[in-house]
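K.L.:
Protein chains in written order, with this note's numbering: chain Z, 25 to 497; chain H, 25 to 497; chain X, 25 to 497; chain L, 25 to 497.
First the structure, which I've put down as structure tokens, then a few questions once you've had a look.
There are 4 protein chains.
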Amino acid sequence: MPTEGGFREKCGVVGVFGHPEAANLVYLGLCALQHRGQEAAGIVSSDGQVLVSHRGLGLVTDIFPEAIIRRLRGQAAIGHNRYSTTGGSQHLKNAQPLVVEYGRGGLAVAHNGNLVNAERLRAELEARGSIFQSTVDTEVIIHLIAAATADTLEDRVVEALQQVRGAYSLVFLAPDKLIAVRDPHGFRPLVLGRVKGAWVVASETCALDLVDAEYEREIEPGEMVVMTDEGLSSYHPLAKAPGAKCIFEYIYFARPDSTIYGRSVYQARKELGRTLAREAPVAADIVIPVPDSGVPAAIGYAEAAGLPFEMGLIRNHYVGRTFIEPRDAIRHFGVKVKLNAQRNVLEGKRVIVVDDSIVRGTTSRKIVKMIRDAGAVEVHLRISSPPTTNPCYYGIDTPNRAELIASSHDVEEIRRYITADSLAYLSEEGMYAFLGGEQAGFCDACFTGRYPVPFEDTGTPRQLVLFEAQDER
Amino acid sequence: MPTEGGFREKCGVVGVFGHPEAANLVYLGLCALQHRGQEAAGIVSSDGQVLVSHRGLGLVTDIFPEAIIRRLRGQAAIGHNRYSTTGGSQHLKNAQPLVVEYGRGGLAVAHNGNLVNAERLRAELEARGSIFQSTVDTEVIIHLIAAATADTLEDRVVEALQQVRGAYSLVFLAPDKLIAVRDPHGFRPLVLGRVKGAWVVASETCALDLVDAEYEREIEPGEMVVMTDEGLSSYHPLAKAPGAKCIFEYIYFARPDSTIYGRSVYQARKELGRTLAREAPVAADIVIPVPDSGVPAAIGYAEAAGLPFEMGLIRNHYVGRTFIEPRDAIRHFGVKVKLNAQRNVLEGKRVIVVDDSIVRGTTSRKIVKMIRDAGAVEVHLRISSPPTTNPCYYGIDTPNRAELIASSHDVEEIRRYITADSLAYLSEEGMYAFLGGEQAGFCDACFTGRYPVPFEDTGTPRQLVLFEAQDER
Amino acid sequence: MPTEGGFREKCGVVGVFGHPEAANLVYLGLCALQHRGQEAAGIVSSDGQVLVSHRGLGLVTDIFPEAIIRRLRGQAAIGHNRYSTTGGSQHLKNAQPLVVEYGRGGLAVAHNGNLVNAERLRAELEARGSIFQSTVDTEVIIHLIAAATADTLEDRVVEALQQVRGAYSLVFLAPDKLIAVRDPHGFRPLVLGRVKGAWVVASETCALDLVDAEYEREIEPGEMVVMTDEGLSSYHPLAKAPGAKCIFEYIYFARPDSTIYGRSVYQARKELGRTLAREAPVAADIVIPVPDSGVPAAIGYAEAAGLPFEMGLIRNHYVGRTFIEPRDAIRHFGVKVKLNAQRNVLEGKRVIVVDDSIVRGTTSRKIVKMIRDAGAVEVHLRISSPPTTNPCYYGIDTPNRAELIASSHDVEEIRRYITADSLAYLSEEGMYAFLGGEQAGFCDACFTGRYPVPFEDTGTPRQLVLFEAQDER
Amino acid sequence: MPTEGGFREKCGVVGVFGHPEAANLVYLGLCALQHRGQEAAGIVSSDGQVLVSHRGLGLVTDIFPEAIIRRLRGQAAIGHNRYSTTGGSQHLKNAQPLVVEYGRGGLAVAHNGNLVNAERLRAELEARGSIFQSTVDTEVIIHLIAAATADTLEDRVVEALQQVRGAYSLVFLAPDKLIAVRDPHGFRPLVLGRVKGAWVVASETCALDLVDAEYEREIEPGEMVVMTDEGLSSYHPLAKAPGAKCIFEYIYFARPDSTIYGRSVYQARKELGRTLAREAPVAADIVIPVPDSGVPAAIGYAEAAGLPFEMGLIRNHYVGRTFIEPRDAIRHFGVKVKLNAQRNVLEGKRVIVVDDSIVRGTTSRKIVKMIRDAGAVEVHLRISSPPTTNPCYYGIDTPNRAELIASSHDVEEIRRYITADSLAYLSEEGMYAFLGGEQAGFCDACFTGRYPVPFEDTGTPRQLVLFEAQDER
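Structure representation (structure tokens):
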């Protein structure tokens, strides 16, 4: 699923405590997690006394030149990549980590996830006189902490989190400590690693790999880990809740070289491909992936089907945010700037195309047509997940229900729309095959509509009454 | 007093209500008030529904290109020029108007003056959970309004102002109204004007002149003026207090073409010069000003003394913020980049130099030496105000007491330091001569140490615990 | 060969004539050719009367926002991507297309290749009074044209090119015509395509694909193609010469989905991999590529060897120009920021790694170690080309001879240095197998030292006597 | 004459040789000469081996931060302020010093003046193959030098200058020498000074003053001064010509504190004012200048007339390049942003206003109306020069003849247009009174139409065929 309009991960977070170049490690961790958010990034560091922050719009390597990294001094730091939801995505003040100076000193927070009762809490806080600086749900947590009555930061954080509901993998930084918390359902991943006596937390293990950190374990659902000069302590201060780990991390979001919830994403995807080959075989000459995310599943499919694996679509990796299209439109333009179909591979062939999901269907339709234009005699699309029928409220930026083609069309209708010779999705059971069929503890609401936590807020974002003249179009 | 290190006005404010190009008028008003602050400027406008803001560092004409002005739409707007105190002057987030979105909607405020109990109030607010975005005293007022219990904005503003003490000329903007308030002492000026059915408030009348507005009257000490679509209403909700209008506005701060507290600044300065000539005559050939601020007083002095007025010092007006000096230093460099002494005017002459004040004495010393280097045979310095012996706590950025040369040296000691042949200050009585000798209602604490309102705060600015990596050196 | 320090293509060129949005097509063509140069890019367009140009440093999509594209008006345009040689790579004035206004009007040129007698010609031109604006060899051609005596631009171009020697695929733009020329040896590729009545020339066919242009044919070695409103004319005005098409385009430079010299690059690479498997088999469990360039050869190798193909190394595609490494260095840092070795794929396996070439050996050494660190029990490196022993003088930015590890070490020495269990290169004959063994017409000097055209210049670049203060470090 | 639309000086030049911080002194010299050009500035320095250059658009202090100054290393440097003529004023490549690398090494040149046969020479050079980089006449000189046959730089410069005609005060910088030349007519000023063993050349003495340099003498018309490590040599290699020093430098262009052609500008202007008072007296109450340029003449007028001198117009010095005017226009807007008329000074008064010249008449008309609006009962305009009836071809950017109101209207007609109660110009004889009536050696073509050197070029600027996409509107 290589193109715009699909599901998009909202954020990646990293934290490092106890390393003389903490901000530099966080920076590298954010580079490794760049796929989780490319709109904005930020780092806040602490030298034990003061916090230093820097945030910007764009890619991590553009936002942080060496001079900035050097100023982010101290042995502790946290960072955040943002892939914002609608409404204010381009506003720097919505970038994270959020950082404030409140009565008890400085505090920064980076958040992956989404709260389902943030609007109500914000309204209550504002009624008491609190003034918000951004429109992100995360700021509610900061204000709850500032208004909390407990004495220690740990207790204030717990006091605040007992009031919020939804998905959160959080990393806090105060001048003298770093706190990492994962919500009791465990919606979003968060792992713990170790490098030369320092601690690292990150959304995925690929961030640990880049900084030479050893993977220790996942932060558990409902766990709060506190790092100070005294060492690391673990608490479970929040009420237990049913597990709801995001299954889509395996299917699309996570980097293939990450280990998520204790398992290799690459091997999971290959297994999804193998299962798909068994569930939905078809006579064909070659198997090709929609690169890059479809590659492991296609290798698995080809292997199980005993067919040759080929790179029939070549991806252009030097792709900026936008491409300027001539008014005299080019066929399949939106797809073609990222993918080129190879005539010499596809011509005269019966082709199986493996992709991870279909969102609106428009991209799949362009890909199928492009492959056929390049000479394929048959095009069979195989999707390594069930039909995506419902939006996500837990931190993934998805289209609303009406835009999801599978919410209102059956497989045959979708096949006709995308003009494939055949189309097959993985079954719900097949999706869990690589887990030994064990479905408990996962959230698959986007496929099933079974939401583990109800969404309380109105869903209509707050009407902004302040604008920066520069941001307006 | 043309060079760095002197007294510096802290701010200028402007507001316009009821004009289709409100932001454009505010922009021009800020241009006219540029002398009151050159570090930062901002404008917030309202179209009746939402506020649009833009702030920047530098000069007004650089901060506001036409495209920005056009986006600041609506019939109401307020603006602010900043000449910040130490500690954070270069931080954009300390620029004004401050603008927030709180529980009751959007609110912006521009402030000229200085509160004397802001630190204590901030500590109390933070203890209750308020989170501040800046380090400026003005933000305390915003938080007090957000936490106020009254229903209307007017009442909330009054509730907030009843808690603050010190100097303030304030302009507030909400989506549907503009409120201007001057503190009960009337420390800083604030005038009301009218243009084509719209209302204008500004720190000085020169801002009215530029936008073709008719001068109506001063906003009175303790008065609150509220402008809505229904018209303008005036209230006096704050307890009465002894008048304390800043006398230094006449001597140096205000533009000569402004009318302050009902009198022409230019004529006041000429009269100060005339009085000075009568109080401290000396045999000489020519009278020269230290341009530009000393020009009117020098014209008055020359006229009263019957001596020729000459421009013996030429000012270089294309002067940026900083000049790069060679390591191999240039004589009188700091003064020379702004002033050049004309040998052909000064050579062989007995010269009377008229300036408005002496702060540290270092600049005066350089000027005297420069004039003598240019061939003057005698240099007599005449100051059109009494010795400045005390710092200001009401909104002027002055050196602390120890740096004011007149706080620890008598006139003869100062004369020797600055190497003048003679030195004379205007007497305290002489300073009030142009007012018919009436001293009541003015603050002259910088000359006399008689402070109308005690300074409650510690004076040591809050220790910052947050920094932007980009701002650090 | 995914990392720094290797062979780097110097340039890509594009030209469009007769299309209402010529600059937009050129822009897209440059996007498709971004792999041929990422340091700078430029476009010059013509509306029949005047030339409009824009050049910048960085990636094409960053240099050309839509507003710029819209200003590059007209029905003809040429463009250039630059990957400069040492000495001035970061100077914008060395970016292309070079564009001048000379006695006959405006002229722009984009050049892929390298001249071998530019220094001598430049010295002669300067002795006559010519003043150069850049340090690139291409400017010599411009001055030769300006000084030529012939009347038509075509004849002046021929007069100029008869004096230069070396590699050049050139695209010229005058207000009323576009001229494309390929040197008589045909060192660098250049293809001709057609879209809706307009002509397109480009370094590779992938540029034609993106703009929906039909591939017509290669521009032949020694051919000059002239496009005007009258149509396209072809000439062969230059003396014939032995063919010397760059074989390395197949091995590494070109995009796999391009057709070069009439053959699919992807199929060529797969065949190189198959041949390599036959020439250098080894007992192993899996075959993995060094992505992305090694993928097709690895697929071919795995297929021929009957072994599973796996993505044992995952590439991070969000990679900026530079990464900031902590002082406390990270193992294999230079490689790790681009590649991550997957333990779950490699652990306990005998691994065949397929790459396209070895330059200095340092990168290969890091890759081998990284794979072994991830648990591989054996690491066998297979290179899909012969040892690279000699630098290129025809437009590729290569290290000098001393830095090429294969110029001074035999295969066993290299194997020990890179710590592989076995190492094998493709044979010279094997490299030509996919061409049916036909070696005539190709340049393989980097493998064999058989240079088709001697290098006349001193090789020491001109000593610069002018610097921009801003460019210095 | 404070506002737009008047005569504007084209350039200022500075050169320093033999000082360890040469570029820093040049930078300060350019600051002192900022009034001679505010559109662009540049500095080129030499460390004996290489030239380093930096140019930019805007004011000197904005273009040259300290880091840039430090990179402009070496003991010699030249600089230039530009106030360009129409056609390309905003193009950085037309900024000076022009700097090239030609066959003999690096060479930079800064030019104040204008050539009258540049177009013809350029055409000849281009016909021979020369390629120009800019559209400024100065580049012709560079190409003539590059094409010259003599051996030494001095001889090549002479060979080039023997071919050009018109006005030039030139400063050249080669790695090892600095050459200053003034054209045989001496149109534009150029002075020589000395500081601590180093030599300084500059357009005006105010630049010498700022860097503590002693004024030595003028560079004579037709003189060439060469500075090397061996010392300073003077030559007169060019054919003698009648003197044609610009009289307008005294009236308006030069800074009042400069000494031009051996006389004080300030004293000259006062004398012009005195003469004017004698030639054109009128019964009045006060004399006011149009600041700043009219101040000395007004002081002289007031003194001779025995009337009080007042600052009835206050100038706003914080004035950017442009002001944004509301669509609902403000009276006298163009003048009011720079000048404010003081009612308290002018009301009920008969006012004599002294200005230096009238160009189009529009500004004078606005000033007269503004003074009358402020309450003056009579407004008498006195101009301290004769009517300006003709454009300048020697380096001043003037309106063409049709736009000069005095070219087609007599004094009474002009008076009626500007709505003054009376209007008087200084007589031609009166203009020379301060020189003892000696008119020989001066150029007063703008008043008399007696052009000392005929203008050969067509006057229609070269049709550009190249544009930068970024520069277009």
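Yeah, the Cβ is synthetic: ideal placement off N, Cα and C, and Gly gets one too.
When you compare only the Cα positions, how much space is there between residue 62 of chain X and residue 105 of chain X?
P.N.:
The alpha-carbon atoms of residue 62 of chain X and residue 105 of chain X are separated by roughly 7 Å.
K.L.:
Rounding to the nearest angstrom, what Cα-Cα distance links residue 418 of chain Z and residue 133 of chain Z in this structure?
P.N.:
Taking the straight line joining both Cα atoms gives about 18 Å.
K.L.:
By the criterion of Cβ-Cβ separation under 8 Å, what are the contact partners of residue 379 of chain X in chain Z?
P.N.:
Per Cβ cutoff of 8 Å: no residues; residue 379 of chain X is ~17 Å from chain Z at best.
K.L.:
In angstroms, rounded to a whole number, what distance separates the CA positions of residue 204 of chain Z and residue 69 of chain Z?
P.N.:
About 15 Å.
K.L.:
Give every residue of the same chain whose Cβ lies closer than 7 Å to the Cβ of residue 318 of chain X, excluding the five residues on either side of it in the sequence, and list them in chain order.
P.N.:
378, 379, 380, listed in sequence order.
K.L.:
Determine the chain L residues that contact residue 78 of chain X at a beta-carbon separation under 7 Å, and present them in chain order.
P.N.:
Simply 492, 493, 494.
K.L.:
For residue 118 of chain H and residue 306 of chain L, I'd like the C-alpha separation in whole angstroms.
P.N.:
Approximately 55 Å, taken between the alpha carbons.
K.L.:
Between the alpha carbons of residue 452 of chain L and residue 438 of chain L, how many angstroms are there, rounded?
P.N.:
The straight-line gap from Cα to Cα measures roughly 18 Å.
K.L.:
Could you say if the segment 300-315 of chain Z and the segment 64-82 of chain Z meet the contact criterion of at least three C-beta pairs nearer than 8 Å?
P.N.:
Result no; under three Cβ-Cβ pairs closer than 8 Å.
K.L.:
Answer with yes or no whether the minimum CB distance from residue 167 of chain H to chain Z is below 8 Å.
P.N.:
Yes - at least one Cβ of chain Z is within 8 Å of the one on residue 167 of chain H.
K.L.:
If you measure beta-carbon to beta-carbon, which residues of the segment 377-404 of chain X are closer than 9 Å to chain Z?
P.N.:
From the segment 377-404 of chain X, no residue has a Cβ closer than 9 Å to chain Z.
K.L.:
Could you check the C-alpha separation between residue 403 of chain H and residue 333 of chain H for me, to the nearest Å?
P.N.:
So the two alpha carbons sit approximately 15 Å from each other.
K.L.:
Out of curiosity, what's the CA-to-CA distance linking residue 171 of chain L and residue 234 of chain L?
P.N.:
Going by the C-alpha atoms only, they are around 38 Å apart.
K.L.:
Report buried or exposed for residue 110 of chain L, applying the criterion of at least 16 other Cβ atoms within 10 angstroms of its Cβ.
P.N.:
Residue confidence is low: residue 110 of chain L scores 40 on pLDDT, short of 50, so the model does not pin down where it sits. No coordinate-derived value is stated.
K.L.:
Give me the residue from L:255, L:93, L:90, L:155 with the minimum Cα distance to residue 42 of chain L.
P.N.:
The option with the nearest alpha carbon to residue 42 of chain L is L:255.
K.L.:
In terms of alpha-carbon separation, which member of Z:463, Z:272, Z:100 lies closest to residue 67 of chain Z?
P.N.:
Residue Z:100 is the option with its Cα nearest to residue 67 of chain Z.
K.L.:
Any idea what DSSP makes of residue 110 of chain Z, helix, strand or coil?
P.N.:
Bear in mind that a pLDDT of 40 at residue 110 of chain Z, under 50, signals an unreliable position, so the model cannot answer this.
K.L.:
What do you get for residue 478 of chain H, buried or exposed, if any count of 16 or more other CB atoms within 10 angstroms of its CB means buried?
P.N.:
So residue 478 of chain H ends up on the exposed side.
K.L.:
Assuming residue 56 of chain X and residue 340 of chain Z make a contact with CB atoms under 8 Å, what is their CB distance in whole Å?
P.N.:
The pair is a contact, with the Cβ atoms about 7 Å apart (cut-off 8 Å).
K.L.:
Kindly confirm or deny that the segment 212-221 of chain X and the segment 442-449 of chain X touch, where touching means at least three C-beta pairs closer than 8 Å.
P.N.:
The segment 212-221 of chain X vs the segment 442-449 of chain X: no contact.
K.L.:
What did DSSP end up calling residue 421 of chain H once you bin it into helix, strand or coil?
P.N.:
Strand.
K.L.:
Taking residue 44 of chain H as the reference, which of L:492, L:371, L:352, L:473 has the closest Cα?
P.N.:
Cα-wise, what sits closest to residue 44 of chain H is L:352.
K.L.:
Should residue 125 of chain Z be flagged as near chain H, meaning a C-beta pair shorter than 8 Å?
P.N.:
Residue 125 of chain Z counts as touching chain H.
K.L.:
In chain Z, which residues lie less than 8 Å from residue 187 of chain H when you measure between Cβ atoms?
P.N.:
Simply none; closest approach about 13 Å.
K.L.:
Compute the distance between the beta-carbons of residue 123 of chain L and residue 95 of chain L, then report whether it is under 8 Å.
P.N.:
No, they are not a contact pair.
K.L.:
So the candidates are X:490, X:162, X:406, X:473; which of them puts its Cα closest to the Cα of residue 310 of chain X?
P.N.:
Among X:490, X:162, X:406, X:473, the Cα nearest to that of residue 310 of chain X is on X:406.
K.L.:
If you run the structure through DSSP and keep just helix, strand and coil, what is residue 475 of chain X?
P.N.:
Looking at residue 475 of chain X - three-state DSSP - the assignment turns out to be coil, as it is neither helix nor strand.
K.L.:
Less than 8 Å between the beta carbons of residue 202 of chain Z and residue 251 of chain Z, yes or no?
P.N.:
A contact, by the Cβ cut-off of 8 Å.
K.L.:
Residue 157 of chain H touches chain Z at which residues, Cβ-Cβ below 7 Å?
P.N.:
157, listed in chain order.
K.L.:
Is it the case that the Cβ atoms of residue 312 of chain Z and residue 228 of chain Z are separated by a distance below 8 Å?
P.N.:
Contact: no.
K.L.:
Only counting runs of 3 or more residues, tell me where the beta strand (DSSP E) segments fall wholly within the segment 156-227 of chain X, in order along the chain.
P.N.:
Entirely contained in the segment 156-227 of chain X, the beta strand (DSSP E) runs reaching 3 residues are, in chain order, 190-198, 201-206, 215-219, 222-226.
K.L.:
Can you check whether the CB of residue 298 of chain Z is closer than 8 Å to the CB of residue 328 of chain Z?
P.N.:
Cβ atoms of residue 328 of chain Z and residue 298 of chain Z: closer than 8 Å.
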